[in-house]
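Number of protein chains: 2
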Amino acid sequence: MGRLVMKFGGTSVANIDRIRNVAQHVKREVDAGHEVAVVVSAMSGKTNELVAWCTEVSPMHDAREYDAIVASGELVTAGLLAIALQTIGIQARSWQGWQIPIKTSDAHASARIDEIDGDKLIKRFKERKEVAVIAGFQGIHEPTGRVTTLGRGGSDTSAVAIAAAVKADRCDIYTDVDGVYTTDPRVVPKAQRMNKVAFEEMLELASQGAKVLQVRSVELGMTHNMPIFVRSSFDKPEDIDPHGTPPGTLICSEEEIMESHVVTGIAFSKDEAQISVRQIEDKPGVAASIFVPLAEANINVDMIVQNVSEDGKTTDLTFTVPATDYARAKETITAAKAKIGYARIDSATDVAKVSVIGSGMRSHAGVAAQAFAALSERQINIRAITTSEIKFSVLIDTAYTELAVRTLHTLYGLDKA
Amino acid sequence: MGRLVMKFGGTSVANIDRIRNVAQHVKREVDAGHEVAVVVSAMSGKTNELVAWCTEVSPMHDAREYDAIVASGELVTAGLLAIALQTIGIQARSWQGWQIPIKTSDAHASARIDEIDGDKLIKRFKERKEVAVIAGFQGIHEPTGRVTTLGRGGSDTSAVAIAAAVKADRCDIYTDVDGVYTTDPRVVPKAQRMNKVAFEEMLELASQGAKVLQVRSVELGMTHNMPIFVRSSFDKPEDIDPHGTPPGTLICSEEEIMESHVVTGIAFSKDEAQISVRQIEDKPGVAASIFVPLAEANINVDMIVQNVSEDGKTTDLTFTVPATDYARAKETITAAKAKIGYARIDSATDVAKVSVIGSGMRSHAGVAAQAFAALSERQINIRAITTSEIKFSVLIDTAYTELAVRTLHTLYGLDKA
Chain X
-6 MGRLVMKFGG TSVANIDRIR NVAQHVKREV DAGHEVAVVV SAMSGKTNEL VAWCTEVSPM
54 HDAREYDAIV ASGELVTAGL LAIALQTIGI QARSWQGWQI PIKTSDAHAS ARIDEIDGDK
114 LIKRFKERKE VAVIAGFQGI HEPTGRVTTL GRGGSDTSAV AIAAAVKADR CDIYTDVDGV
174 YTTDPRVVPK AQRMNKVAFE EMLELASQGA KVLQVRSVEL GMTHNMPIFV RSSFDKPEDI
234 DPHGTPPGTL ICSEEEIMES HVVTGIAFSK DEAQISVRQI EDKPGVAASI FVPLAEANIN
294 VDMIVQNVSE DGKTTDLTFT VPATDYARAK ETITAAKAKI GYARIDSATD VAKVSVIGSG
354 MRSHAGVAAQ AFAALSERQI NIRAITTSEI KFSVLIDTAY TELAVRTLHT LYGLDKA
Chain G
-6 MGRLVMKFGG TSVANIDRIR NVAQHVKREV DAGHEVAVVV SAMSGKTNEL VAWCTEVSPM
54 HDAREYDAIV ASGELVTAGL LAIALQTIGI QARSWQGWQI PIKTSDAHAS ARIDEIDGDK
114 LIKRFKERKE VAVIAGFQGI HEPTGRVTTL GRGGSDTSAV AIAAAVKADR CDIYTDVDGV
174 YTTDPRVVPK AQRMNKVAFE EMLELASQGA KVLQVRSVEL GMTHNMPIFV RSSFDKPEDI
234 DPHGTPPGTL ICSEEEIMES HVVTGIAFSK DEAQISVRQI EDKPGVAASI FVPLAEANIN
294 VDMIVQNVSE DGKTTDLTFT VPATDYARAK ETITAAKAKI GYARIDSATD VAKVSVIGSG
354 MRSHAGVAAQ AFAALSERQI NIRAITTSEI KFSVLIDTAY TELAVRTLHT LYGLDKA
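Sequence order for the protein chains is X and G.
Note that the first sequence ends on residue 410 in this note's numbering; no numbers are left out.
Note that the second sequence ends on residue 410 in this note's numbering; no numbers are left out.
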């Protein structure tokens, strides 16, 4: 007997049949004796429709109204799932964000969860054996009493936050894939599903382009040490043994992973652009003169590479931005030329970032060196390199992305047997 | 300078262009110096879609979940209209039922409004010159904290209740017709729009089959003496003089109508079925033995006719029900035969009810008699008659409905010049 949060995304609740399927998944866990809270997204396509309407009325719309509008999709699925559960004999009721309440900041359209009081839900688990069906993605800013949303993919974050609030044993994220893979299986058919991955590794995988989970949900899982299990909502409920180990990937603390690989996975991102600022003065404040204007223009800078100056006078600085921000970034740097002081800008848009992630890197030397050698053997030119404790990334020409990913996947022994 | 509630139904907010048109209507009134609250329905078709999903999951669904689901449609239009208003320079914010709050009973799916505190809205009218855009059709049952809805067409009731709560000067109901007509213009092309109609008359017109307004909104208008102005949302906002008298029908107290006609309008309803219970004993309790089982079966009985017994021993009793309830009603009466004690049941489904309404009937004798003579001249057989203070109804064969309505419309001088 445990306590479980189950989260189902848009494709898992896309129509009434799929919602009935979700109800069967929930019933299985209830029948196994678990106390269950379910977090649901809007039916797939609904949120996009609502967002499109907001934009059609005005591209510069009030984020408070945007939130009131787009949060409505989840209310529908929460209610429908509650009815579907009742129909198969499971006590259930729906909860809107403000009813629990899920208290958030007032950063409308990308609010942060501040506090969830789980007592009301726990009381009803105990007294009524009632499943809580919770509208994901939303909350309330209590001082103003207005509805907030957590940003796209926010239902993952709702689920993990609720799991922490009700002191659940685990948070199951049901999705349209059956777990987290060592890399994108569409690029590397030999990619394998990981059984376990550490929070830190998953954070790097998620932010480096693996699109399974919202990054903030993993951060939250790490903070509260809440194990997150990524599994498929397409598995037939009747085929699953609730006491067995279903297929999926458990995201948990490093200590719970007995045997860790040096490299856990390979992530990549093709929508990158590179800007190199040549011959800037090597003096304090020059980096700020570049990145402050970019931040003010709301441009997200990803990789930053600056080498040690050769002559002690000038150096080059390279950074990457999302391809969609490329033109604006270049304009911003050009406009600030006098202030920054540089010789010229070199830039490229056909670049991709490939990242190798593994907490084993902490204790193994030479992991990156192996990669540089292997890529060089394939004649793949490395434009720039950055590293962190459990990851390194290389910037290469987009055309070589798949080749590089496959090469590294084999190199680190990640290919399926 | 006055205070105005403006209500727009589903066809008036069916898409973004229509919502922009609504914003122009609101701007006109704001520019004229009025304080404005707007009540909106869901985009046309949306509520039906949500109801269909509930029914698809389970025909016998939890009304609390049904309410949580179907109330979501209005949230979308309220938010979109608030954005549309802001875009044209009008201060505006959306309000969900629970935010005001609109406190209702817990009769989910057909809740009654208990109380609305208008102070918050009035304060913002004064301090911010802000238009309140309110999601119609919904409220909250405060003891349980759950969302309620007021039943189909409930946004009319929301609008009038809010008008009373904020002490508005008038409640304007924008709809897809330009007012209330003496009868259905599709049946009688000579039907005319009424400039003014008394609350009592409108109540009879509405409950007798004129579908312009929800009956409860008229009751509420009568209780609070809140003038309701029915007008078209298809009139071009720029063509309307906010200080003039736009086309439409004002529903108000009888005292404000200087020159009243004896007959105000003709209503009719074709979806009727008639059941006559023959030779029941003429003794106390026999009517109850018929109507209690029908009430328990949730069948809405409309006309009831019982004549004075001729022999003091037995009599006949006729009643009508909606055609959709005909089979169930007949079964119910058949099942209760032993208890009721009757000789036989006669019934008919092809019957229509035609009603003549006018507060002038109070002071004019012979109004009904004229009708009976005119119908007889046309060879239209009257199956049953009921009367009230300001109305009488006849039950006839459906085939003669249009002929009867046109005949009575001419008879009482309602035809357009």
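Even for Gly, the Cβ is constructed at its ideal location relative to N, Cα and C.
field: Terminal residues of the beta strand (DSSP E) in which Tyr167 (chain G) lies
entry: Arg163 to Thr168
- request: Would you give the residue range spanned by the alpha helix (DSSP H) that Asp107 (chain G) belongs to?
  value: It is not in any alpha helix (DSSP H) - Asp107 (chain G) instead sits in the beta strand (DSSP E) that spans Ile106 to Ile109.
task: Kindly indicate the opening and closing residues of the alpha helix (DSSP H) around Ile283 (chain X).
output: Val279 to Glu289
task: Report the rounded CA-to-CA distance for Asn374 (chain G) versus Lys263 (chain G), giving the unit in angstroms.
output: 16 Å
task: Return helix, strand or coil for Gly72 (chain G), following the three-state DSSP convention.
output: helix
message: On the CB-based measure, 16 or more other CB atoms within 10 Å of its CB, does Met251 (chain G) come out buried or exposed?
response: exposed
- prompt: Relative to chain X, which residues along the region 67 to 91 of chain G have a C-beta separation below 8 Å, given in chain order?
  reply: Leu68, Val69, Ala71, Gly72, Leu73, Ala75, Ile76, Ala77, Gln79, Thr80, Arg86, Ser87, Gln89 and Trp91
message: Distance cutoff 8 Å, beta carbons only. Does Asp339 (chain G) sit that close to anything in chain A?
response: Here chain A cannot be found, since the structure's protein chains are X and G.
message: Three or more C-beta pairs under 8 Å: does that hold for the region 127 to 138 of chain X against the region 188 to 206 of chain X?
response: no
- request: Please report how far the alpha carbon of Thr325 (chain X) lies from the alpha carbon of Arg337 (chain X), in whole angstroms.
  value: 14 Å
query: DSSP beta-bridge partners for Val190 (chain X)?
result: X:Ile244
task: Taking Leu(-3) (chain G) as part of the alpha helix (DSSP H), name the residues at either end of that continuous run.
output: Looking at the DSSP string, Leu(-3) (chain G) is not in any alpha helix (DSSP H); the run it does join, the beta strand (DSSP E), is Arg(-4) to Phe1.
- prompt: What residues in its chain sit with their C-beta under 8 Å from that of Lys306 (chain X), if we drop five residues either side in the sequence?
  reply: Glu274 and Asp275
- request: Please check the pair Ile268 (chain X) and Lys204 (chain X), which I expect to be a contact at CB under 8 Å, by giving their CB distance rounded to whole angstroms.
  value: At roughly 25 Å, the Cβ-Cβ gap does not stay under 8 Å, so Ile268 (chain X) and Lys204 (chain X) are not in contact.
query: Looking only at its own chain, which residues have a Cβ that is under 6 Å from the Cβ of Ser34 (chain X), when we skip the five neighbours before and after it?
result: Gly2, Gly3, Gly129 and Ser148
Cβ neighbours of Trp88 (chain X) in the same chain (closer than 8 Å, five flanking residues each side left out): Ala71, Leu114, Ala125, Val126, Ile127 and Ala128
- request: With hydrogens ignored, establish whether the beta-carbon of Thr379 (chain X) is closer than 7 Å to any heavy atom of the ligand COA.
  value: The ligand COA is absent from the structure shown, which contains no ligands of any kind.
task: Spatial neighbours of Arg117 (chain G) within its chain, please: CB distance less than 6 Å, with the 5 preceding and 5 following residues excluded, ordered by chain position.
output: Glu123
- prompt: For the candidate residues G:Arg163, G:Leu68 and G:Phe312, whose alpha-carbon lies nearest to that of Leu(-3) (chain G)?
  reply: G:Arg163
- prompt: Do the CB positions of Tyr167 (chain X) and Arg224 (chain X) come within less than 8 Å of each other?
  reply: yes
- request: Identify the contact partners of Glu49 (chain G) in chain X, using a Cβ-Cβ distance below 8 Å as the criterion.
  value: Ile9
Closer than 8 Å at the beta carbon, the chain G residues around Gly138 (chain X): Gln92
- prompt: What first and last residue would you give for the alpha helix (DSSP H) that runs through Val208 (chain X)?
  reply: Val208 to His217
- prompt: Going by beta carbon distance, what residues of the same chain come within less than 6 Å of Lys96 (chain G), once the five residues before and after it are set aside?
  reply: Asp107, Glu108 and Glu135
message: Helix, strand or coil for Gly90 (chain G)? Go by DSSP, reduced to three states.
response: helix
query: Would you say Glu58 (chain G) reaches chain X, if we count a Cβ-Cβ gap shorter than 8 Å as a contact?
result: yes
message: Between the region 32 to 50 of chain G and the region 96 to 105 of chain G, can you find at least three pairs of beta-carbon atoms closer than 8 Å?
response: no
Proximal chain G residues relative to Leu114 (chain X), where beta-carbon distance stays under 8 Å: Near Leu114 (chain X) there are no residues of chain G at all, since even the closest Cβ is about 13 Å away, more than 8 Å.
query: Roughly how many whole angstroms lie between the Cα atoms of Asp234 (chain X) and Phe385 (chain X)?
result: 39 Å
- prompt: Who are the Cβ neighbours of Tyr174 (chain G) in its own chain at under 6 Å, not counting the five residues just before and after it?
  reply: Ala184 and Arg186
Span separating the alpha-carbon of Asp60 (chain G) from that of Ala362 (chain G): 47 Å
- request: Would you please state the rounded distance, in angstroms, between the beta carbons of Val347 (chain X) and Phe261 (chain X)? I believe it to be under 8 Å.
  value: 5 Å
- request: Answer with yes or no whether the minimum CB distance from Ala61 (chain X) to chain G is below 8 Å.
  value: yes
query: Looking at the unbroken beta strand (DSSP E) that takes in Ser381 (chain X), where does it start and where does it end?
result: Ala377 to Ser381
message: Taking its Cβ as the centre, do 16 or more other Cβ atoms sit within 10 Å of Thr403 (chain G), making it buried, or is it exposed?
response: exposed
query: How close, in whole Å, do the beta carbons of Ala377 (chain X) and Thr311 (chain X) come, if the pair is a contact with beta carbons under 8 Å?
result: 5 Å
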